[in-house]
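Below you'll find the structure, written out as structure tokens, and then a few comments.
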Amino acid sequence: MVNALSSAPSAGVLVEAVLRHARRSPDAVAVAYGDDELTYRQLTARAGRTAAALRGRGLGRGDLVGVCLRPGTDLVTAFLAAVWAGCAYVPLDPAHPRQRRAELLRDCGARLLITDTAVAEGDPLAVSPATLVAEAGDLREPPPSASSPDDVAYVCYTSGTTGTPKGVAVPQRAVTHLVTDTDYVDLGPGDRVAQASNPAFDAATFEVWGALCNGARMEGLAKDVLVDPDALAGAIRAKGVSVLFLTTSLFHLVALERPDAFAPLRLLLTGGEALSPHRVRDVLAHPPGALLNVYGPTETTTFATWHRAERVGADDASVPIGTPLRRVRAFVLDEFLREVPDGVTGELYLAGPGLAHGYWADPVATALRFVAHPAGEGERLYRTGDRARRDADGRLDFRGRDDQQVKIRGFRVNPAEVEARAARCPGATDAVVTVTRHSPDDVRMTLYVIPAPGAGEGLVERVLARLRETLPGYAVPSAAVVLERLPLNGNGKLDRAALPPPPNTPATGAPRGPLESALTLLWAELLDVPEVGIHDDFFELGGHSLTISRLRSLITQTLGVELPLADMFDTRTVAEQAAALTLREPAPGALTAAARELLRVAALTDEEVEAELASAERES
């Protein structure tokens with residue numbers, strides 16, 4: 001199997017790059033998810049058989065294959081097999097609603113869905129990895145690679161500016177440009193590259209192909225490990241991880257709780273949102289070999305610029321996104337597509353071998369975002385929609401978005417898509433979404449719904465339930481409000497400033513003791529809500545996986561008791577959490593000094609707080 005291709009690999013063809021390392025080190029581990037491991041010999045053998053089965057089913061160049069599998073060796077095999085057969089894979093998240101996955105498969109016209117029985121649910125396109133391997137029969141020689149550098153490697157769906165998800169078609173040459181012969185990273189057989197990203201999103205491109213195209217070992221990290229800073233620190237050491245990419249939100253979480261967690265790494269990359277200089281300083285006190293702030297839309301194949309963070313000044317308000325990757329060109333242009341001077345903010349345009357072909361089967365959207373170079377050099381530019389400025393040293397600084405798109409927990413979300421789906425729900429005639437940033441890592445959406453005549457009671461609950469069926473969890477608004485009509489300004493346009501804030505949900509039950517009182521205060525502080533009842537649901541108040549990890553740390557620090565992360569997800573109310581805490585050793589029978597002080601301060605009136613502050617100022 002590993003001698004399937006005897007000639008030198010063609011530049012830009014993924015399968016040939018992987019087979020080159022399979023020939024050199026066939027018994028080296030290629031992929032490891034716990035005890036589920038494959039060597040390069042085993043991976044290429046299994047992928048070759050799967051590719052032969054795909055070809056036997058009549059699939060080949062230009063066809064799309066959906067892949068909806070949980071992280072593991074089957075997932076990586078499916079990616080490799082799809083491009084081996086000349087197809088492109090469409091990664092789908094098993095955790096997303098089934099209706100959402102079905103919409104994406106219909107949109108791209110996938111001919112097959114590689115999945116497992118737990119996810120398939122009778123889908124006529126579905127086939128299991130084991131079935132495909134068995135269909136290859138007694139395969140003596142694998143099929144030759146049927147792809148070229150310009151063939152599409154994968155189609156990754158992201159929020160479109162029109163409110164409809166767009167499938168970004170990324171060619172193989174763009175992937176090899178990202179992970180081979182680069183100037184920002186130097187991956188090799190001695191590396192262990194963490195697979196920590198959701199495989200349905202483009203950061204996994206760097207992890208999967210960065211490892212396989214360089215003969216490295218890919219180490220899978222479970223989601224519950226990623227949101228637990230202590231567990232992540234332990235996993236990095238135990239698995240010998242040398243290269244790790246984390247979204248900015250996850251980086252901030254770990255940097256706040258365990259800034260030394262990254263010290264064993266040779267290379268740490270983070271990106272997706274604006275990076276906090278404070279958190280970078282925390283990590284640089286226990287530095288990894290290198291810390292890179294990376295930037296790049298899906299349309300430019302994961303990363304387009306990079307900045308090595310070696311020091312951050314006390315007065316620095318931001319961390320640069322840096323300079324373009326080798327062979328990538330970046331332009332900061334005004335509204336007339338003219339370059340602006342250094343220090344002036346404009347829109348960022350990108351060019352080079354990392355550009356996607358465009359949006360799958362959508363020439364109009366492609367023409368709007370992939371434009372000709374204004375100087376007539378025959379070069380395509382991708383219009384990012386991001387604002388940036390270049391400093392005197394040539395480094396780029398991110399200055400925000402030009403459109404409505406936002407990043408929520410590292411994922412790109414267009415409120416227009418949420419509005420469009422909400423407005424189509426039975427009983428609704430129109431909808432508007434607003435975005436509130438409670439902190440750099442806590443961005444929430446509020447939905448305003450206009451009811452149709454006779455909509456009746458419970459419209460908010462019905463609309464949110466429908467959105468949960470069709471959208472990823474991070475794209476569902478944390479609050480919703482019914483309005484008789486939308487407020488308009490003097491020009492007849494929506495007056496967003498006049499939209500009322502979401503009403504405070506009445507607290508569901510008062511605390512029944514000091515432990516529940518302390519927990520309600522911690523919840524209220526973390527979730528930025530005025531009041532919490534003991535039966536309120538943490539996630540319905542705006543919590544998510546990152547904030548629940550932060551809550552766990554606050555409970556440990558304040559109450560002196562550690563609750564396992566799994567129990568934190570299972571205990572969604574203060575009452576349940578307090579009951580779980582009392583079963584831990586040591587039980588929080590006597591609150592810590594920090595908890596007693598928290599309760600004392602919370603009980604003070606405004607006048608008493610002002611008096612204490614004045615007294616503290618006099619003493620200082």
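For the sequence shown, UniProt numbering gives the first residue as 1, with consecutive numbering after it.
Quick reminder that beta carbons are idealized off the backbone N, C-alpha and C, glycines included.
So for R57, helix, strand or coil by DSSP? coil
Hey, would you say R338 sits closer than 8 Å to T434, going by beta carbons? no
Rounded straight-line distance, which links the Cα of G313 to that of G296: 25 Å
Which value, in whole angstroms, describes the spacing of the CA atoms of R70 and P472? 16 Å
Could you give the uninterrupted runs of the alpha helix (DSSP H) lying entirely in the segment 508-596, keeping only those of 4 residues or more? 514-527, 545-559, 565-570 and 574-582
Inter-residue Cα distance where the pair is R311 and Y359: 39 Å
Would you tell me roughly how many angstroms separate the C-alpha atoms of A587 and P514, rounded to the nearest one? No answer about A587 holds up, because its pLDDT of 49 lies below 50 and its placement is not dependable.
Contact under 8 Å by Cβ, D202 with T298: yes
By the DSSP assignment, the beta strand (DSSP E) with F331 in it spans what residues? R329 to L333
C-beta atoms of residue 624 and A428 nearer than 8 Å: For the chain, the structure presents residues 1 to 620; residue 624 sits outside this window and is missing.
Relative to the alpha-carbon of A475, which residue among L54, R100 and A82 has its alpha-carbon at the smallest distance? R100
Alpha carbon to alpha carbon, what distance is there between V482 and V328? 47 Å
Please state whether the Cβ-Cβ distance between L396 and G343 is less than 8 Å. no
Own chain, CB closer than 8 Å to L253, minus 5 neighbours either side, in chain order: V227, P229, D441, L546, S549 and R550
Based on the DSSP secondary-structure assignment, which residues constitute the bridge partners of T158? K166
Nonlocal neighbours in the same chain, by C-beta distance under 8 Å from R401, ignoring five residues either side: G385, D386 and R387
8 Å contact criterion, which L325 and T182 should meet: CB distance rounded: 6 Å
Between A309 and V319, is the Cβ-Cβ spacing less than 8 Å? yes
V15 versus V155: straight-line alpha-carbon distance, rounded: 17 Å
Should H177 be labelled buried (16 or more other beta-carbon atoms within 10 Å of its own) or exposed? buried
Straight-line CA distance for D567 to T573? 11 Å
Could you compute how far the alpha carbon of A52 sits from the alpha carbon of V83? 11 Å
Go through its chain and collect everything with a Cβ distance to V90's Cβ below 6 Å, but skip five positions before and after it. L64, G66, C108, A110 and V155
The alpha helix (DSSP H) with E469 in it runs from where to where? L459 to T470
Pair within 8 Å by beta-carbon distance, V18 and T44: yes
CB of L519 within 8 Å of CB of Q577, strictly: yes
Same chain, Cβ closer than 7 Å to T556, five either side skipped, listed in chain order: E562
With a floor of 4 residues, list each alpha helix (DSSP H) that falls wholly inside the segment 399-430, ordered by position along the chain. 415-423
Provide the residue span of the alpha helix (DSSP H) that contains V312, from first to last. No alpha helix (DSSP H) holds V312; DSSP gives it neither H nor E.
Spatially closest choice to V432 from Q195, D536, P487 and L139, by CA coordinates: P487
Rounded separation between S6 and R41 - CA only: Reliability of the predicted coordinates at S6 is poor, the pLDDT of 29 falling under 50, and no value is obtained from them.
Looking at the secondary structure, which residues open and close the beta strand (DSSP E) in which D230 lies? No beta strand (DSSP E) holds D230; the alpha helix (DSSP H) holding it covers P229 to K239.
Whole angstroms are fine: how far does the CA of E141 sit from the CA of L275? 49 Å
C-alpha distance - A216 paired with F569, whole-angstrom precision: 34 Å
Which same chain residues end up closer than 8 Å to P288 when comparing Cβ atoms and leaving out the 5 residues on each side of it in sequence? F262, A263, P264, L265, R266, L267 and L268
So, under 8 Å CB-CB, residue 655 and P165 are touching, yes? Tell me the CB distance rounded to an integer number of Å. The question about residue 655 has no answer, for the chain in this structure spans 1 to 620.
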